[in-house]
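> One structure coming up, written as structure tokens, with questions to follow.
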Amino acid sequence: MQTIAKNWYHVKEFQQKFFHLFDLDNNGYLVQDRWIEHLKGRLTDERQMDYAEQLESVAYVICGENSKIIFKNFYDIWNTRGILDKLYRLIDIDGTNLISTNQIMEFISHLTNSRPRTGFDKSSLARLEQLFRNTVGNEKEIRREEFQKIVTSKNPFFTERVFQIFDKDNSGSISLQEFIDAIHQFSGQSADDKIRFLFKVYDIDGNTPIMLF
Numbered sequence: 002m003q004t005i006a007k008n009w010y011h012v013k014e015f016q017q018k019f020f021h022l023f024d025l026d027n028n029g030y031l032v033q034d035r036w037i038e039h040l041k042g043r044l045t046d047e048r049q050m051d052y053a054e055q056l057e058s059v060a061y062v063i064c065g066e067n068s069k070i071i072f073k074n075f076y077d078i079w080n081t082r083g084i085l086d087k088l089y090r091l092i093d094i095d096g097t098n099l100i101s102t103n104q105i106m107e108f109i110s111h112l113t114n115s116r117p118r119t120g121f122d123k124s125s126l127a128r129l130e131q132l133f134r135n136t137v138g139n140e141k142e143i144r145r146e147e148f149q150k151i152v153t154s155k156n157p158f159f160t161e162r163v164f165q166i167f168d169k170d171n172s173g174s175i176s177l178q179e180f181i182d183a184i185h186q187f188s189g190q191s192a193d194d195k196i197r198f199l200f201k202v203y204d205i206d207g208n209t210p211i212m213l214f
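In case it helps, our numbering puts the sequence shown at residues 2 to 214.
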């Protein structure tokens, strides 16, 4: 597993790419209140919510209230003392002082995902997280055996394929973020999307096209 030391985020080119992942319309700026609202929608557990509130406070100090955040402001926000260290600790859930490229990509993908988190309020998220924690106990991730207790099916092939779809990084286990993201994705889908999901379950090699009429 490739790991990255703490100085990974200080590279300015990386931060420019990170900024553009939020600036989907290529405006050259982010609307401050919308950006903060987006972050709070993605950072949903207790530690993450504290971090979102800290980012909100720093953004207010740097940009004022309801201002546009240009890249220089964005850079200054993330490089404010303590912000990057806390970000690193959020990603480094095992406390090893090293994080993998997969962990970084998963976190950034989740944080910058523009898909609305439809169908879930805070109480629903809390119940999902409790279900996850009740299943894994003191472990950090769900393994196949525990997953079968949540997704019950008489067809072991179906359970295995759903597990593989949830396990986006092919690590052999499902993190809390992967679990919640997959539930979010399926809960907000249209009927056609749900048909595609079921098709994906049985399309083992991922090469078979699907057409809906």
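Cβ atoms here follow ideal geometry from the backbone N, Cα and C, with glycine treated the same way.
Determine, using beta carbons only, whether GLU179 and PHE164 come nearer to each other than 8 Å.
In terms of Cβ geometry, GLU179 and PHE164 do not form a close pair [threshold 8 Å].
> Which residues in the same chain have their Cβ closer than 8 Å to the Cβ of MET28, if we skip the five residues on either side of it in sequence?
For the sequence presented, residue 28 should be read as Asn rather than Met. Around ASN28: no qualifying Cβ.
> Could you give the residue range of the beta strand (DSSP E) that holds LYS69?
69 to 71
> Applying the criterion that 16 or more other CB atoms from any shown protein chain within 10 Å of the CB defines a buried residue, is ILE22 buried or exposed?
Residue 22 is actually Leu in this sequence, not Ile. Looking at its Cβ environment, which holds fewer than 16 other Cβ atoms inside 10 Å, LEU22 is exposed.
> List the residues that DSSP assigns as beta-bridge partners of ILE143.
ILE175
> For PHE108, I'd like the list of residues in its chain whose CB is within less than 8 Å of its CB, leaving aside the five on either flank, ordered along the chain.
LEU91, ILE92, GLN178
> According to DSSP, which residues form a beta bridge with VAL32?
Its beta-bridge partners are LYS69.
> Flag this pair as yes or no: are the beta carbons of TYR61 and LYS87 separated by less than 8 Å?
no
> As a quick exercise: from ILE63, LYS13, GLU57, LYS18, pick the residue whose alpha carbon is nearest that of ASP34.
When each option's Cα is compared against that of ASP34, the closest is GLU57.
> If we ignore side chains and look at the alpha-carbon of each, how far apart do ASN74 and ILE63 end up?
ASN74 and ILE63: Cα-Cα distance of roughly 7 Å.
> For a test of your reading of the model: does the CB of ILE63 fall under 7 Å from any non-hydrogen atom of the ligand SAM? Yes or no.
By its list of ligands, the structure shown contains no ligand whatsoever, and the ligand SAM lies outside what it can speak to.
> Within 10 Å of its beta-carbon, does ASP95 have 16 or more other beta-carbons around it, so buried, or fewer, so exposed?
ASP95 comes out exposed.
> Determine whether the beta carbon atoms of GLU130 and ASP182 lie at a separation below 8 Å.
No, these two residues do not count as a Cβ contact at 8 Å.
> Can you tell me whether DSSP reads ILE184 as helix, strand or coil?
helix
> Going straight from the alpha carbon of MET50 to that of LEU112, what length do you get?
Going by the C-alpha atoms only, they are around 12 Å apart.
> Would you give the residue range spanned by the alpha helix (DSSP H) that ASN103 belongs to?
102 to 113
> Could you check the C-alpha separation between MET106 and ARG43 for me, to the nearest Å?
15 Å
> Taking the alpha carbon of THR160 as the reference point, which residue from GLU146, SER172, LEU99 has its own alpha carbon closest?
GLU146
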